[in-house]
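Number of protein chains: 2
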Amino acid sequence: MQNMDTHTRRQFIQAIMAAGAAAAVASTGASAWAQEKSTKPAPSHEELAAGLKHGSETILILIYPGFTELDAIAPRYALGGMMGAKVRLIAKTNKPLACESGFEITPQLGFDQCPENVDLLVVPGGMTGTLAAIEDAQTMDFVRQVGKRAKMVGSVCTGSLIIGAAGLLKGYEATCHWQALELLPLFGAKANKGRVVFDRDRVTGAGVTAGLDFGLELVRKYRGDFYAKGMQLLAQYDPQPPFAGGGNPATADPAVVALLEQMHKPFTDKAAGVIKKAVTI
Amino acid sequence: MQNMDTHTRRQFIQAIMAAGAAAAVASTGASAWAQEKSTKPAPSHEELAAGLKHGSETILILIYPGFTELDAIAPRYALGGMMGAKVRLIAKTNKPLACESGFEITPQLGFDQCPENVDLLVVPGGMTGTLAAIEDAQTMDFVRQVGKRAKMVGSVCTGSLIIGAAGLLKGYEATCHWQALELLPLFGAKANKGRVVFDRDRVTGAGVTAGLDFGLELVRKYRGDFYAKGMQLLAQYDPQPPFAGGGNPATADPAVVALLEQMHKPFTDKAAGVIKKAVTI
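Protein sequence lines, in the order shown, are assigned to chains U and P. Position in the first sequence (first residue = 1) + 1 = this note's numbering. Position in the second sequence (first residue = 1) + 1 = this note's numbering.
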């Protein structure tokens, strides 16, 4: 069904991998652009391939009813560009489920199809859907079990509330959507205002759009700078937000900050109760 | 199915709308934060509501097999935050279809359920899936017909190849993924390297991640600065790409640029043929 797309996408990805090799030969003037100005011969396919950073990571992205789709789709784009990696959406069952915006996404795996060896488990956030996930024993058992055996566990936005409530952030520095950072100590995490926070075998991203930075930083971790540069350029990630500083509560318009905080309070209060209950289990 | 999520999301959105009103009262010291330092009373609900920018836009996002999901999901997030707007994913049928990464999304509407009055039609990009869409008569008829009656037509990434091949960019300035900009003159558009390009009743975004800037600029257009500031802060859009300048071919590592261009050439060549054939119809 997606053979052609996958095929052409691979050509792109191969370009990125080849770019990694090009870094090694750039100083010889043998990269594609440098060729025109150099008398040295272009590198052979074998020479390019020798510089490639290969991989075969197994990456699972948990989805659940009401998850914020951008939290999952942004890192999925970056991570999915890693040739050889298997990136799959996993949920309680492999039946379609409604995301926060109301449309349905079909997970590629149900919990009962979860691979044994997992390199990275990523958990996206949301609002009441996220709290419902924390209150769902089957979902939390999955996060706890797979989180323990995964080499790394990550989250975007309020996804850190899920992995935290599952006991996976105790003693770790972590981030979250700015409006929920205050909840992190409830499960023993130390709140960090960073956009992407790595602490040993945990990596957490801030609110929603931080999922893109999170994904690219993970590409860099798994495949190195050159591969990540390729993904950033392929994604044309040259952000131009409409309001300078408007995405950070420390620099945004104070009236906007105040009112988002004011209106968010019922969610934060409810979340605190849900988390307190979850951590006693 | 999504009642609770929608409910809590609304609280967020109401906060943003209230923030719009707060801007009007900020100078009186009556916003939530300013209250502490002011002797003036907090504004009543009625006073806040008076400053809100309401709307009821009908926004359709076309999806098709092989579309790049981030191209659609990023603007969907921003546009979906406009309270009162109806934002729907539409496709040939309302059956699940596979996006570029292989997982399935279920469109909310089929072509036969398309509303008569459309404020904005947004078309995401992709690679061979996008070319297949251009070769599909039914899809192109839909884009042509709805594009003609929509108040505005937009695209993200190579989505501009679809709306251009449908004749909707003739005489317009437009942008596209940087690797496909050279194709725009094939259907009479003038290539513009901007990240989000508005030209009369057309708005086009550059590659993939530009969809976020595109979405927020449209929120600003429909609902004004204050609402858009609220959405930017809710999205915590404070981007920190791993490589400064790495998302723009003019400033990225030349070896990465060269190799992406080299490897992308087969797609560009194929696309040129598909577009040339489409514009003669």
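Using N, Cα and C, we set each Cβ at its ideal position, and we do this for glycine too. What you are looking at is a predicted structure, and each value in this text was computed from that prediction instead of being measured.
Exercise. In chain U, which residues lie with their C-beta within 7 Å of the C-beta of residue 207(P)?
Worked result: Working through the second sequence from its first residue, we reach residue 207(P) at position 206. Within 7 Å Cβ-Cβ: 237.
Exercise. What runs of the alpha helix (DSSP H), each 4 residues or longer, lie entirely inside the stretch 112–149 of chain P?
Worked result: Restricted to the stretch 112–149 of chain P, the alpha helix (DSSP H) segments that are unbroken, complete and at least 4 residues in length are 129–135, listed in chain order.
Exercise. So what's residue 170(P) in DSSP terms, helix, strand or just coil?
Worked result: For this step, residue 170(P) is matched to residue 169 along the second sequence. Residue 170(P): coil per DSSP, three-state reduction.
Problem set entry | Euclidean distance between Cα positions of residue 225(U) and residue 201(U) | Mapped onto the first sequence, residue 225(U) falls at position 224. Mapped onto the first sequence, residue 201(U) falls at position 200. Here the alpha carbon of residue 225(U) sits roughly 18 Å from the alpha carbon of residue 201(U).
Problem set entry | Residues, ordered as in the chain, of the stretch 165–186 of chain U that lie near chain P by beta-carbon distance below 9 Å | If you check each beta-carbon in the stretch 165–186 of chain U against every beta-carbon of chain P, the ones closer than 9 Å belong to 178, 179, 180.
Problem set entry | Residue-level contact to chain U via CB, residue 143(P), 8 Å cutoff | For the purposes of this step, residue 143(P) is taken as the residue at position 142 of the second sequence. Not closer than 8 Å to any Cβ of chain U, the Cβ of residue 143(P) fails to qualify, so no.
Problem set entry | Member of 241(U), 61(U), 153(U), 105(U) whose CA lies at the smallest distance from the CA of residue 87(U) | Sequence index remark: in the first sequence, residue 87(U) carries index 86 (1-based). Considering only alpha carbons, the answer is 61(U).
Exercise. On the premise that residue 216(P) lies in contact with residue 76(P), defined as a C-beta separation below 8 Å, what is that separation, rounded to the nearest angstrom?
Worked result: Here the question's residue 76(P) lines up with position 75 in the second sequence. Here the question's residue 216(P) lines up with position 215 in the second sequence. With 8 Å as the limit, residue 76(P) and residue 216(P) qualify as a contact, their Cβ atoms being about 4 Å apart.
For this session: Would you mind reading off the limits of the alpha helix (DSSP H) that contains residue 77(U)?
Result: Here residue 77(U) refers to the residue found at position 76 of the first sequence. Note, residue 77(U): alpha helix (DSSP H), 70–81.
Exercise. How about residue 100(P) and residue 91(P): are their beta carbons less than 8 Å apart?
Worked result: Position 99 of the second sequence, counting from 1, holds the residue named residue 100(P). Position 90 of the second sequence, counting from 1, holds the residue named residue 91(P). Result no, Cβ atoms of residue 100(P) and residue 91(P) do not sit closer than 8 Å.
Problem set entry | Cβ shell of residue 111(U) (< 6 Å), same chain only, five flanking positions each side left out | Locating residue 111(U) in the first sequence gives position 110, counting from the first residue. Counting only Cβ-Cβ distances below 6 Å, and skipping sequence neighbours, we find 94, 95.
Exercise. Nearest-angstrom Cα distance between residue 84(U) and residue 104(U)?
Worked result: For the purposes of this step, residue 84(U) is taken as the residue at position 83 of the first sequence. For the purposes of this step, residue 104(U) is taken as the residue at position 103 of the first sequence. Cα to Cα, residue 84(U) sits roughly 29 Å from residue 104(U).
Problem set entry | Cβ neighbour criterion (16 or more within 10 Å) applied to residue 180(P) | Here residue 180(P) refers to the residue found at position 179 when the second sequence is read from its first residue. Classification of residue 180(P): buried, given that the 10 Å Cβ count is 16 or more.
For this session: Using DSSP bridges, identify the partner residues of residue 98(P).
Result: Looking up residue 98(P) in the second sequence gives position 97. Beta-bridge pairing links residue 98(P) to 106(P).
Exercise. Which residue comes first and which comes last in the beta strand (DSSP E) that contains residue 92(U)?
Worked result: Sequence index remark: in the first sequence, residue 92(U) carries index 91 (1-based). That run of the beta strand (DSSP E) goes 87–92.
Exercise. Is any beta-carbon of chain B found at less than 8 Å from that of residue 74(U)?
Worked result: Annotation note: the requested chain B is absent from the structure, which comprises protein chains U and P.
For this session: Compare the beta carbon distance of residue 193(P) and residue 175(P) with 8 Å and say whether it is the shorter of the two.
Result: Mapped onto the second sequence, residue 193(P) falls at position 192. Mapped onto the second sequence, residue 175(P) falls at position 174. The answer is yes: Cβ separation under 8 Å.
For this session: Give the residues from the stretch 188–203 of chain U that approach chain P closer than 7 Å (Cβ to any Cβ), ordered along the chain.
Result: Cβ contacts with chain P: 196.
Exercise. Checking contacts by CB at 8 Å: is residue 254(P) closer than that to chain U?
Worked result: What you label residue 254(P) is simply residue 253 of the second sequence in a count that begins at 1. So yes, residue 254(P) belongs to the interface.
Exercise. Any Cβ of chain P within less than 8 Å of the Cβ of residue 78(U)?
Worked result: Translated into positions along the first sequence, residue 78(U) becomes position 77. Closer than 8 Å: yes.
For this session: Using three-state DSSP, classify residue 54(P) as helix, strand or coil.
Result: As a first step, residue 54(P) must be located in the second sequence, where it is residue number 53. Looking at residue 54(P) - three-state DSSP - the assignment turns out to be coil, as it is neither helix nor strand.
Exercise. If you drop the 5 nearest sequence neighbours on each side, which residues of the same chain put their C-beta closer than 6 Å to that of residue 196(U)?
Worked result: Taking the first residue of the first sequence as position 1, residue 196(U) is located at position 195. Counting only Cβ-Cβ distances below 6 Å, and skipping sequence neighbours, we find 207, 211, 214.
Exercise. Since residue 205(P) sits in a beta bridge, which residues does DSSP pair it with?
Worked result: For this step, residue 205(P) is matched to residue 204 along the second sequence. According to DSSP, residue 205(P) bridges with 156(P), 198(P).
Exercise. Can the beta-carbon of residue 169(U) be found closer than 8 Å to that of residue 148(U)?
Worked result: On the first sequence, position 168 is the one that residue 169(U) refers to. On the first sequence, position 147 is the one that residue 148(U) refers to. Going by C-beta atoms, residue 169(U) is nearer than 8 Å to residue 148(U).
Exercise. Per DSSP, what kind of secondary structure is residue 269(U) in: helix, strand or coil?
Worked result: The residue labelled residue 269(U) in the question sits at position 268 within the first sequence. Helix, per DSSP.
For this session: Spatial neighbours of residue 268(P) within its chain, please: CB distance less than 7 Å, with the 5 preceding and 5 following residues excluded, ordered by chain position.
Result: Within the second sequence, the letter at position 267 stands for residue 268(P). So the qualifying residues of the chain are 128.
Exercise. In whole angstroms, what is the alpha-carbon distance linking residue 271(U) and residue 82(U)?
Worked result: Position 270 of the first sequence holds residue 271(U). Position 81 of the first sequence holds residue 82(U). So the two alpha carbons sit approximately 37 Å from each other.
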